[in-house]
Every structure is written in C-alpha cells, then in structure tokens.
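*Asks:* Following this message is one structure expressed as structure tokens.
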Amino acid sequence: MARHLQMPLRLVTEGGEDVARVFWDVVWKLDLPFGDPVTAPQYLLGRAASEDGLAAVFNGEGGDQLFGGWTSKPMISAEIYADLFGEDSREELYLRSYHRFYGREERLYTPEFRAQVGGPGQRRALLRPYLEDPSARTFLNRVRLADIYLKGMQNILPRAERMSNAWGLDVRVPLFDRALAEASFRLPPRLKLHGATEKYVLKLVLQKKLPREIVWRRKFGMSVPITDWALGPLAPLVDDLLGADSLRRRGLFQDGYVGQLRRGQNEAAETRRRRLGERLWTLAMLEAWLRVFVDGRGRAPARASGAAA
Numbered sequence: 029m030a031r032h033l034q035m036p037l038r039l040v041t042e043g044g045e046d047v048a049r050v051f052w053d054v055v056w057k058l059d060l061p062f063g064d065p066v067t068a069p070q071y072l073l074g075r076a077a078s079e080d081g082l083a084a085v086f087n088g089e090g091g092d093q094l095f096g097g098w099t100s101k102p103m104i105s106a107e108i109y110a111d112l113f114g115e116d117s118r119e120e121l122y123l124r125s126y127h128r129f130y131g132r133e134e135r136l137y138t139p140e141f142r143a144q145v146g147g148p149g150q151r152r153a154l155l156r157p158y159l160e161d162p163s164a165r166t167f168l169n170r171v172r173l174a175d176i177y178l179k180g181m182q183n184i185l186p187r188a189e190r191m192s193n194a195w196g197l198d199v200r201v202p203l204f205d206r207a208l209a210e211a212s213f214r215l216p217p218r219l220k221l222h223g224a225t226e227k228y229v230l231k232l233v234l235q236k237k238l239p240r241e242i243v244w245r246r247k248f249g250m251s252v253p254i255t256d257w258a259l260g261p262l263a264p265l266v267d268d269l270l271g272a273d274s275l276r277r278r279g280l281f282q283d284g285y286v287g288q289l290r291r292g293q294n295e296a297a298e299t300r301r302r303r304l305g306e307r308l309w310t311l312a313m314l315e316a317w318l319r320v321f322v323d324g325r326g327r328a329p330a331r332a333s334g335a336a337a
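29 is the number of the first residue of the sequence shown in my numbering; add one for each residue after it.
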C-alpha cells in the first residue's frame, strides 16, 4: 500500500517485554478498564509517532461498524438458518461474538459478585433496543446499530483517542462521520454484506484507486499475540494481579477458573491461542485499574516529552 501510494513507511516492532514495561502507563492513560489488549500496541505506536514529530494521526476504525464487518456474518447466518442454532436468541449470539466470558460466569464469578451483576437477562436487555429497533428496517442495520453504539462509541473510539492523546497526538477517524453513517444506513444490505464479502461498497469504491490484490484480499484484523505474552513476558505481572491472594482480597473472581487460565489450561485448542490471552488480559486490566483508581495504590507516570497531561 505504501509503495503504491508512494508514502514513507516506518515499521514499529514491539514485543511482550515492551508491553510489560508500559503496562501501568497504559492503565493510567486509559483511565477506564478497557479489556482489549490492542490498547498497549496503540500506546506504543503513539509514542513512535510522537517521536517522529507528528501532531495528528488517522486511523481506519469504523469500517466494520458502518459497512457490515465480521460480526455481521454469523448473526445473519443465524437469522437465516435459525433452526441450526438451537434456542440461542439474537442477543445471545451477539454476545458470543465478542463477550470473552459469556457462558462462563458461574465458573468465573464468586457467588457474591454474581448476585451483584445479575444474570444473562440483564446483558440481553442491554442489546434488545438495538437488535429490535424497527427504525433500522433491516436486521443487518440493527446489528450495525448495536456495533456503532456498544463497540464504536463505548470502546473503539475512546481507547484509540486516549492512547493517542497520551502522546499529545490528535487522532482523526474519518469513517466515524455522522453524515457517512447516516448514508450507510440508507444503502441496501447487498452493498454492505455481499455474500461472504464484507464492506462490499467500500471495496467497489476503492478498487478505482488501489490494486485489486489489495482491495479484495481477505481481512487480517488487528490482533496481538496476547496468549504468548500473557504466558510469557507478562506472566509475572499476570500472576501478581490474578494470583490466589489477589483474587481473594478482591472477592470478584474464583481462583479455580482463573488459576487454570494462568496455567494455560481449560481452553479448547482451536480458541486457546487467542481467547485465553484475551481473557487473562481483561481480568488483569480490571484488577490493575481497581488498584490504581479505587485502592489508590498506583501513581501517575512521568509526563512524556510532547505528551498531553
């Protein structure tokens, strides 16, 4: 892409050791316990951009939410072939697509904490206004409505903004534009999810500007090897945050299940390499956030040169 557009390209290479060194800075700068491990690489990328003297950066967030990304496909399949999906409701299928502990609550939560947070009905109720919104007209648009409000507004946008602002960078997100979003809801579903092809209309537009092999290649996503990190360079940090003593003091999660995660056990082989690390990171980030902002046991990191306060 950079070669085709004749743009300079700098590759930023970071590993688990680098993430371990900035972990507490990330906790502070996020200010909320976001459970996505991509936040640490975003923070490190922001540092590299700041070192290069950049004042503003663009990102491509919003394409999935506006034009029918990966979440839409299993939901549409379930809607068409409902008999194959048993008794799962629309809300349950949506939660399974991204809720890292969905269906594991009894093993994860202590009885006292489970009584406080409520059952799955509470989570389904959060989704129902979007997945049953008649103004969205089509089911694909209802899924996208949930994606925009629950993922885009509450997760994707704030985490990207905070990790960039930490280094004094202004982050621009051209796809999360209100006029563009409203236009996307007026498009017929076939221009968004065309068979198994996601974001079809974007590809049709961009194929006029970019080589076909770039436009029509499969999506790789933005993932990090978090399981390798959590069981490797981040293991001492994870053990401190999620060890038996820490869990007992906090009273939220059961050591039996979390201990199995820390030892790399109790996960199906096909999901272990990704989901196990994601679950450990999510729990570790919550405990770290509680220590800093609730217990008052942390301190703000030194202000980086050129970074925002």
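Built from N, CA and C at the ideal position, the CB exists for glycine as well.
Checking 7 Å against the spacing of the C-beta atoms, do M313 and P69 come in under that value?
*Replies:* no
*Asks:* For the alpha helix (DSSP H) that A209 lies in, which residues bound it at each end?
*Replies:* Start and end: 206-214.
*Asks:* Just to confirm, are R152 and E119 a CB contact at a threshold of 7 Å?
*Replies:* Result yes, Cβ atoms of R152 and E119 sit closer than 7 Å.
*Asks:* Around the Cβ of D92, are there at least 16 other Cβ atoms within 10 angstroms (buried) or fewer (exposed)?
*Replies:* buried
*Asks:* Mind listing, in chain order, the continuous alpha helix (DSSP H) runs of no fewer than 4 residues lying wholly within the stretch 178-264?
*Replies:* 185-193, 206-214, 228-234, 240-243, 254-258
*Asks:* Give the range of the beta strand (DSSP E) segment to which F86 is assigned.
*Replies:* Per DSSP, F86 belongs to the beta strand (DSSP E) from 84-86.
*Asks:* Where does D161 land, buried or exposed, given buried means 16+ other C-beta within 10 angstroms?
*Replies:* Burial call: exposed.
*Asks:* If you check the beta carbons only, do R218 and F86 fall under 7 Å apart?
*Replies:* no
*Asks:* Name the one or two DSSP bridge partners that F281 has.
*Replies:* Partner(s): Y137.
*Asks:* Just confirm the distance between the C-beta atoms of V40 and A76, as a whole number of angstroms; I'd bet it's less than 8 Å.
*Replies:* 5 Å
*Asks:* Could you check if W309 is buried or exposed, using at least 16 other CB atoms within 10 Å of its CB as the buried criterion?
*Replies:* By the neighbour-count criterion, in which a residue is buried when 16 or more other Cβ atoms sit within 10 angstroms of its Cβ, W309 is buried.
*Asks:* Whether or not the stretch 142-152 and the stretch 123-133 are in contact is what I'm after, with contact meaning three or more pairs of Cβ atoms, one per stretch, closer than 8 Å; do they touch?
*Replies:* yes
*Asks:* Take the Cβ of V233 as the centre, count every other Cβ of all protein chains shown within 10 Å, and call the residue buried at 16 or more, exposed below.
*Replies:* exposed
*Asks:* Using the beta-carbon count (16 or more within 10 Å), is F248 buried or exposed?
*Replies:* exposed
*Asks:* Near I184, what residues of its chain come up, given a Cβ to Cβ distance below 7 Å and the 5 sequence neighbours on each side ignored?
*Replies:* Cβ neighbours of I184 within its own chain (closer than 7 Å, five residues either side excluded): E89.
*Asks:* I need the DSSP call for E298, collapsed to helix, strand or coil.
*Replies:* The predicted model places E298 with a pLDDT of 45, which falls under 50 and marks its position as unreliable, so this point remains unresolved.
*Asks:* Quick check on the burial criterion: 16 or more other C-beta atoms within 10 angstroms. Buried or exposed for M103?
*Replies:* That one is buried.
*Asks:* Just to confirm my understanding: we take S251, look at its own chain, exclude 5 residues before and 5 after, and list those with CB closer than 8 Å. What are they?
*Replies:* V66, R302
*Asks:* When the Cα atoms are used, what is the spatial distance from G149 to A263?
*Replies:* 35 Å
*Asks:* Nearer than 6 Å: is that true of the beta carbon of W195 relative to any heavy atom of the ligand GTP?
*Replies:* Here there are no bound small molecules, and the ligand GTP is not part of this structure.
*Asks:* P69 by DSSP, collapsed to three states: which one?
*Replies:* helix
*Asks:* Would you mind giving the Cβ-Cβ distance between G44 and D256, rounded to the nearest angstrom? I have them listed as a contact below 8 Å.
*Replies:* Contact between G44 and D256 holds: their C-beta atoms lie close to 7 Å from each other, under 8 Å.
*Asks:* Is it buried or exposed for S100, if we count other Cβ within 10 angstroms and need 16 for buried?
*Replies:* buried
*Asks:* Alpha carbons only, please: which of Q288, L270, G287, Q282 is nearest the one belonging to E315?
*Replies:* L270
*Asks:* Classify G287 as helix, strand or coil using the three-state DSSP reduction.
*Replies:* helix
*Asks:* Keeping to the same chain, check which residues put their C-beta closer than 7 Å to that of G260; ignore five residues upstream and five downstream.
*Replies:* G44
*Asks:* Once the 5 residues before and after D80 are set aside, which same chain residues still bring their CB inside 8 Å of it?
*Replies:* R38
*Asks:* Quick one: grab the DSSP three-state call for M103.
*Replies:* helix
*Asks:* Give me the Cα-Cα distance between E298 and S125, rounded to the nearest whole angstrom.
*Replies:* Its pLDDT being 45, under 50, E298 is placed unreliably in this model, and the value from its coordinates should be taken loosely. Each residue's alpha carbon lies about 15 Å from the other.
*Asks:* Considering only the alpha carbon of each residue, which of L275, L72, Q34 lies closest to R49?
*Replies:* L72
*Asks:* My understanding is that L168 touches K220, with C-beta atoms under 8 Å, so please give their C-beta distance in whole angstroms.
*Replies:* Yes, L168 and K220 are in contact; Cβ-Cβ is about 6 Å, under 8 Å.
*Asks:* Between M191, S212, G63, which lies nearest to L173 when the distance is taken from Cα to Cα?
*Replies:* S212
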